Structures are given as C-alpha cells and as structure tokens.
Amino acid sequence: MVVEYKLREMRPSDVLAVVRIANQSFLETARLGWLMGRRIVQRLISDRECLFVVEDSRGEVVGFVVGGCRGDRATIGWIAVHPNHRGRGIGGMLLKAVEDRAREKGIRVVETGTPFARPFYEKYGYECVHVERSMILELVGRSISIPEGVRIRTIMLDDLPMLLEFMGDEDEWLRFASAYFAAYENDPEKAILVTSEEENVLGVAVGRSDKTCSELAALSYLFVKEKGDAVKVLNSFAYVASSRGHRWLGVELPIMGITEELLEKMGWQDAKLPFFWTRYRLRKKL
Ligand SMILES: CC(C)(COP(=O)(O)OP(=O)(O)OC[C@H]1O[C@@H](n2cnc3c(N)ncnc32)[C@H](O)[C@@H]1OP(=O)(O)O)[C@@H](O)C(=O)NCCC(=O)NCCS
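All residue numbers in the sequence shown are consecutive under our numbering, ending with 497.
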C-alpha cells in the first residue's frame with residue numbers, strides 16, 4: 212500500500228499526537244511526562260510560524276518539527292517521526308518546511324544541534340560546525356577511593372565568602388555560585404570542597420543529578436588554583452558520586468586543567484547515552 216504524506220502547519224489539536232511521537236523518540240522527554248507538552252503548548256501560544264506536522268492519508272500525525280525564525284537565523288529545535296514511518300523522507304519534508312519559511316523571511320542560515328541525528332542532517336546538506344563534547348565514566352566495577360593526601364567536605368553557605376577570596380575573581384565566583392545554588396535544593400552534598408591534609412583549599416567541584424536519569428551525576432563546575440590539582444578534585448567528586456549511589460559520572464568539556472586525552476587515559480568515554488551525550492552543532496546555508 213502506498214501511503215501519501217501531507218505537510219501542514221501544526222494546530223492546537225495536534226498536541227497529543229506530537230507529544231506521543233516525541234515520547235517515542237526522545238528518551239529524555241519520555242522520562243519527564245510534562246516536558247514536551249509544556250514546550251509545544253508554549254510555542255503554539257508564543258510563536259508558531261515554524262511549527263509543522265506531516266500526516267498520513269488517514270489524517271494521523273506521523274511527524275513534527277518545532278523550528279524558529281529569529282533575526283537572521285532559523286533554528287530546528289525538535290524534529291521527530293513516528294518509528295513506523297521513518298526512512299520515507301518525512302524528516303526531509305519537515306526540514307524543508309522550516310527552510311522554506313526561513314527563505315520567505317529572507318533568512319539564509321539554519322542552525323541546529325543534535326546528539327544522534329547528525330547523518331540525517333548531513334544527508335540534507337547541513338555541515339557540522341562545532342562539537343560540544345561530553346564524556347562519561349562508569350563508576351560501577353571500578354576502584355574508586357579518595358585521592359591520596361586530600362580531604363573532602365560539603366561546601367556550606369558560610370564558605371561562600373572564603374571561596375570568593377580563594378578564586379580571586381568575581382566572574383569566576385559567580386559561575387561557581389550559579390552552579391552551587393542550582394545544586395542547593397536537590398544536591399547539596401554534591402558541592403564539595405577539596406583540601407590538602409593541612410586544610411589548604413585545592414579546589415571545588417559542584418555536581419547535579421540528572422532529572423531524566425537518577426543513575427547519572429553530572430559535574431557542573433570545577434575550579435582549581437593549580438592545574439595539577441584538577442585530577443584530584445575530579446576524582447574526589449567521582450568518590451562522592453559513587454558513595455551517593457550513582458552509576459555514571461558525566462562531564463561537559465572543557466574542564467579546567469583536564470584534557471580529553473587525559474580523561475581517555477583514565478577510562479572516560481565519549482558520552483552517547485540517551486540522557487547524556489556529545490552534541491553536534493550543524494548549519495546549512497540556504
Ligand atoms: C531523525 C529523524 C527525524 C529522521 O526522520 P526520517 O523521516 O526517517 O528522515 P528521512 O526519511 O527524511 O531521512 C532518512 C535519513 O535519516 C538518517 N537516519 C535515519 N535514522 C537515523 C537515526 N536513527 N539517527 C540518525 N540518522 C538517521 C539516515 O541518513 C537516513 O538516510 P537514508 O535513508 O539514506 O539511510 C527520525 O529518525 C527520528 O525521529 N529520530 C528520533 C528523533 C531524533 O533523533 N530527532 C533528531 C534530533 S533533535
């Protein structure tokens with residue numbers, strides 16, 4: 212049977228079908244039931260000019276794209292096709308819809324970011340312009356102990372002024388404080404101060420648990436005065452994450468004092484988990 216597909220603009224009555232397809236396509240949204248519905252409804256309210264769906268000959272929605280046109284750039288936010296209908300050009304139809312809308316508005320560049328669909332975008336003429344690398348370490352089955360010669364304790368609110376002095380840079384401290392307060396409610400124990408046995412501060416690390424996977428602890432901030440102490444601070448954080456029962460530790464590069472090569476030598480791998488990944492930034496000139 213030949214199925215005919217038709218592209219059209221997204222309507223409020225499509226929300227449920229779109230959420231279902233999203234939840235079958237993106238693991239991170241499937242684990243947060245409210246997330247995709249909220250995003251789609253918000254976009255239908257605020258800016259729907261680049262929201263499209265494809266329906267089959269029975270009028271069932273089988274794919275959607277949430278794009279946007281702002282200034283001199285168009286973007287693809289989310290695009291997904293029902294698993295039974297993939298590989299038939301529907302993804303391409305949806306991309307083209309956003310590109311055509313962008314052209315109508317005089318826009319000449321479309322940008323997107325993706326962890327897994329790079330081959331799909333490249334097929335339609337997108338080029339990778341930047342890699343945001345994330346790496347991951349499986350903590351289970353590994354010997355994890357406190358690095359030699361260090362002490363670890365949780366950062367208390369009252370430590371904040373002392374840390375401003377330690378960092379000696381207001382902007383750096385603000386980056387730290389932003390990560391610290393983000394972790395404050397759910398992950399207070401994952402903000403750690405690492406000192407020598409003589410109580411000299413070597414560095415700090417702040418992490419957060421991942422909303423979509425409780426098995427993952429992600430490092431959100433690391434600071435050391437001496438680059439040579441970075442591995443000690445990272446390994447201290449691994450110790451805390453492992454003690455708190457996380458299976459994986461994830462980091463987004465760059466991290467102060469630590470290179471990708473060093474992480475690879477220590478057994479870290481490229482992050483390709485459905486809830487923590489390396490991301491490719493892609494661009495197409497129209
Ligand atoms: C990526 C996606 C939207 C493509 O939709 P589609 O209708 O199958 O796309 P098309 O038929 O137009 O193009 C198919 C091409 O996509 C690529 N592709 C197919 N499956 C893919 C996958 N799982 N991952 C990456 N690329 C894939 C291939 O290059 C394929 O080309 P080929 O048929 O010549 O081998 C669809 O696979 C999907 O919904 N995936 C899950 C959600 C997702 O990853 N979205 C994009 C990230 S935001």
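Note that the Cβ used here is the ideal one computed from N, Cα and C, for glycine as well. Bear in mind that the values here come from a model prediction, so they are computed numbers and not experimental data.
The stretch 374-414 is shown to contain whole alpha helix (DSSP H) runs of 4 or more residues at 381-395, in chain order. Looking at the DSSP output, Val-214 bridges to nothing. Taking all protein chains in view, the Cβ of Asp-283 is surrounded by fewer than 16 other Cβ atoms within 10 Å, so the residue is classified as exposed. With contacts defined as CB atoms closer than 8 Å, Ser-224 and Ile-357 fail to qualify as a contacting pair. Here the alpha carbons of Arg-254 and Val-272 stand approximately 18 Å from one another. Cβ contact annotation for Asn-411 (same chain, cutoff 8 Å, sequence separation greater than five): none. With fewer than 16 other Cβ atoms inside 10 Å of its own Cβ, Lys-483 counts as exposed.
Cβ atoms of Val-361 and Ser-407 come within 8 Å of each other, at about 7 Å. Shown here for Leu-238: same chain residues with a beta carbon closer than 8 Å to its own, the five before and five after excluded, namely Thr-423, Pro-485, Phe-486 in chain order.
Taking the C-beta atoms as reference points, Val-435 is found no nearer than 8 Å to Gly-461.
In the same chain as Glu-310, and ignoring 5 residues on each side of it, the C-beta atoms closer than 8 Å to its own belong to Ala-285, Val-321, Lys-495, Leu-497, in chain order. Between Leu-262 and Val-252, the CB-CB gap reaches or exceeds 8 Å.
Around Trp-384, the same chain offers Leu-375, Met-378 as residues with beta carbons nearer than 6 Å, after the five sequence neighbours per side are excluded. Looking at Ala-452, Ser-345, Ile-355, the one whose alpha-carbon comes closest to that of Ile-469 is Ser-345.
Per DSSP, reduced to three states, the secondary structure at Gly-274 is strand. With respect to the C-alpha of Ala-402, the residue from Ser-425, Leu-445, Glu-437 having the closest C-alpha is Leu-445.
Going by beta carbons, Ile-363 and Val-417 fall outside the 8 Å limit. Here the stretch 425-441 lies against the stretch 384-400, with 3 or more beta-carbon pairs under 8 Å apart.
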